[in-house]
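Below is one structure, written out as structure tokens; comments come after it.
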Amino acid sequence: DVKVTQSSRYLVKRTGEKVFLECVQDMDHENMFWYRQDPGLGLRLIYFSYDVKMKEKGDIPEGYSVSREKKERFSLILESASTNQTSMYLCASSLLREPGNEQFFGPGTRLTVL
Amino acid sequence: TQLLEQSPQFLSIQEGENLTVYCNSSSVFSSLQWYRQEPGEGPVLLVTVVTGGEVKKLKRLTFQFGDARKDSSLHITAAQPGDTGLYLCAVHGSSNTGKLIFGQGTTLQVKP
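Listed in order, the protein sequences are those of chains P and E. Using the working numbering, read the first sequence as starting at 9 and increasing by one per residue. Using the working numbering, read the second sequence as starting at 213 and increasing by one per residue.
The structure is reproduced here in structure tokens:
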């Protein structure tokens with residue numbers, strides 16, 4: 009069974025803290041993605057990666073960075089958390105990039121920034 | 213403006229009722245996907261439609277891709293409480309990047 013795991017289901021941080029969200033997949037997928045999900049906005053892509061040490065900006069990268077040191081692990085970093093980064097964060101992976109290919113999602117991390 | 217417009221955004225119905233969710237755009241797509249997200253979980257792929265006019269069935273769920281490949285619908289027959297969740301349509305962005313672009317989602321609540 010394919011599996012994407014995220015390090016925390018719930019996280020509470022203070023404004024200005026550095027936050028690490030970890031994602032691990034066990035399917036040997038090359039492509040990994042970070043989305044944030046907000047009510048009424050669906051999922052919006054923050055960053056994605058095609059391979060180790062490669063990263064590409066998504067639609068809303070401001071305030072975020074990523075790290076992909078190993079194929080199975082993709083980390084999302086909030087350098088200095090702000091209250092407008094309170095959201096649900098979802099990690100996903102896929103085998104291929106062509107249209108119609110399935111993305112597999114983790115259960116999400118609900119981050120609250122106070 | 214959203215590339216994909218879903219309607220309605222919220223739906224609360226009784227068990228046994230039928231419903232239809234719509235996903236519309238002015239753009240043409242080579243394929244379109246529907247995902248369902250249950251509370252506390254990530255989205256899970258239900259179906260991918262690729263051909264204009266295509267109809268796919270998954271038990272009580274019927275998915276249709278518009279003839280012009282600009283829109284899609286999801287119809288649920290005799291809804292059950294287990295159908296409760298967030299339904300998302302999605303398309304891949306251009307340039308074979310693997311990026312998915314999602315609609316805003318339709319939250320469905322089916323009451324027993």
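Quick reminder that beta carbons are idealized off the backbone N, C-alpha and C, glycines included.
Check	Outcome
Which complete beta strand (DSSP E) runs does the region 234-286 of chain E hold, if anything under 3 residues is left out?	244-249, 256-261, 267-270 and 273-277
In angstroms, rounded to a whole number, what distance separates the CA positions of Lys11 of chain P and Cys235 of chain E?	28 angstroms
Would Gly5 of chain P and Gln214 of chain E be called neighbours here (beta carbons separated by less than 8 angstroms)?	No answer is possible for residue 5 of chain P: it lies beyond the span of chain P, which begins at 9 and ends at 122.
Report the option in E:Val256, E:Pro293 and E:Ile288 whose CA atom is closest to the CA atom of Glu227 of chain E.	E:Pro293
Cα separation between Ser16 of chain P and Asp279 of chain E?	43 angstroms
Would you say the region 281-297 of chain E touches the region 248-257 of chain E, given that touching needs at least three Cβ pairs under 8 angstroms?	yes
Any beta-carbon of chain C closer than 8 angstroms to the one on Pro69 of chain P?	Among the protein chains in the structure shown, which are P and E, there is no chain C.
Give me the Cα-Cα distance between Arg105 of chain P and Met40 of chain P, rounded to the nearest whole angstrom.	10 angstroms
Give me the chain P residues within the contact set of Thr260 of chain E, using Cβ-Cβ distance strictly less than 7 angstroms, ordered along the chain.	Gly108
Which residues of chain E have a Cβ atom closer than 8 angstroms to the Cβ of Ser102 of chain P, listed in chain order?	Gly310
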